[in-house]
Ligand code: ADP
Ligand code: ASP
Ligand code: MG
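In my numbering, the protein residues as written are 260 to 662.
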């Protein structure tokens, strides 16, 4: 079998016919080398949002399985249109939907996890065609229902396909020329990073840098697939996401990320006794709600305040669960705030440098930005702040650490 190249193109890369022609130019390169190509496509820019809005016209809480059936159609449109065009250009290709491979997932509609990909089937299809145009974002569960992999999930489809085929590399084509030190669309000083470790990229993605979906980086790390993030619209090399190497160690902070999809919940005056946290967070976890930061204040007169964050979409469900626990945990008030966001500095070099936190706090103080919550890991520091200061905080932290 010839070499197989996996390329993924995001929504802006397939937003119209002209952009699709650029995609085709990128596909022609490995074809000219005699390679076979798997092209994973996202929905055309704006299409997934349009479909979500359409469902919301019917219901605030649409049936999750039907929702996946609906939103997955965006990718079906792109792969069919692109394949028509490529065939007219003389390329032997076909479109393939997630369930046709199949890309098997669990049944967590809206955020399904890939469990298995039939690589044999893909290889068989590649014996017939030179290019397979695979719909990103989609999977199918054990009972044959369509699932989707969460926003930005086409990245994960592509890396998972590359891993299943034991490809050494997966190319992720997007609207920026690589992974930058921070979002180049909000900070003009952002610089392209040539190489970044899986762990740093994982932190960047987890902290909100949506250039790669978190799970795609987890897959890449687990199966040791190098990911090349680059622009659809230029030939310049982008960013290699790979295993950590010695050159990377030298940098203290490699990036700044932000996440506006944050909401804060505070339980005021919770009775401070063993098991209270377990009573609060167990039902939340059972409802598959991800809690990010958690802070518990020291106890005063046998009572304490507990504050934590969830995504904005999960706020209403979280509040409902906690209201249901009032009898059991006896808090005095329940507060929440959707106008918060999280800014983070990330770098493997932080392991060996002290003073990163103090420097970040001084930078925020100089801009008069109040810090609501703080969390740290070995290679990351995050601050929750008022939403309206997000861009300012990102620029300030970038200026302080990256220059
Ligand atoms: P696609 O549709 O190609 O998947 P996305 O919109 O999902 O593209 O991701 C690319 C976007 O990610 C960029 O346009 C940029 O605004 C944003 N982004 C956020 N943080 C970063 C970063 N550190 N480096 C590059 N892009 C970033
Ligand atoms: N179309 C999906 C989304 O908008 C998946 C993707 O673009 O990766 O989230
Ligand atoms: Mg994306």
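Every residue, glycine too, gets a C-beta built ideally from N, C-alpha and C.
Taking just the CA atoms, how far does residue j sit from residue i?
i	j	result
residue 640	residue 281	39 Å
residue 399	residue 636	35 Å
residue 471	residue 536	33 Å
residue 545	residue 580	11 Å
residue 482	residue 541	32 Å
residue 638	residue 309	37 Å
residue 357	residue 328	12 Å
residue 276	residue 418	25 Å
residue 286	residue 454	23 Å
residue 305	residue 612	42 Å
residue 633	residue 643	6 Å
residue 592	residue 568	17 Å
residue 311	residue 321	10 Å
residue 582	residue 494	55 Å
residue 332	residue 491	23 Å
residue 530	residue 628	32 Å
residue 420	residue 555	42 Å
residue 547	residue 477	19 Å
residue 522	residue 596	6 Å
residue 381	residue 500	25 Å
residue 266	residue 367	26 Å
residue 626	residue 307	37 Å
residue 516	residue 578	27 Å
residue 504	residue 365	34 Å
Could you give the DSSP three-state label for residue i: helix, strand or coil?
i	result
residue 432	strand
residue 460	helix
residue 578	helix
residue 492	coil
residue 552	coil
residue 295	strand
residue 538	helix
residue 487	strand
residue 559	strand
residue 328	helix
residue 273	helix
residue 359	helix
residue 624	helix
Which residue comes first and which comes last in the alpha helix (DSSP H) that contains residue i?
i	result
residue 278	276 to 291
residue 334	332 to 347
residue 414	413 to 423
residue 658	649 to 660
residue 307	306 to 317
residue 394	Premise fails: residue 394 lies in the beta strand (DSSP E), 390 to 394, not in any alpha helix (DSSP H).
residue 379	378 to 387
Just to confirm, are residue i and residue j a CB contact at a threshold of 9 Å?
i	j	result
residue 661	residue 538	no
residue 363	residue 373	yes
residue 377	residue 352	no
residue 337	residue 301	yes
residue 467	residue 407	no
residue 656	residue 599	no
residue 296	residue 263	yes
residue 519	residue 646	yes
residue 616	residue 659	no
residue 524	residue 566	yes
residue 459	residue 607	yes
residue 534	residue 564	no
Residue i lies in the beta strand (DSSP E); which residues open and close that run?
i	result
residue 600	592 to 605
residue 517	514 to 530
residue 398	397 to 399
residue 256	For residue 256 there is no data in the structure shown, the boundaries of the chain being 260 and 662.
residue 499	498 to 501
residue 641	639 to 645
residue 405	405 to 407
residue 267	263 to 268
- Pairing CB atoms from the region 383 to 399 with CB atoms from the region 435 to 453, are three or more of them under 8 Å? Counting Cβ pairs under 8 Å, fewer than three are found: no touch.
- Task: Tell me, please, whether the region 418 to 438 touches the region 342 to 349 by the rule of three or more beta-carbon pairs shorter than 8 Å.
- Result: The region 418 to 438 makes no contact with the region 342 to 349: fewer than 3 CB pairs, one atom from each, lie closer than 8 Å.
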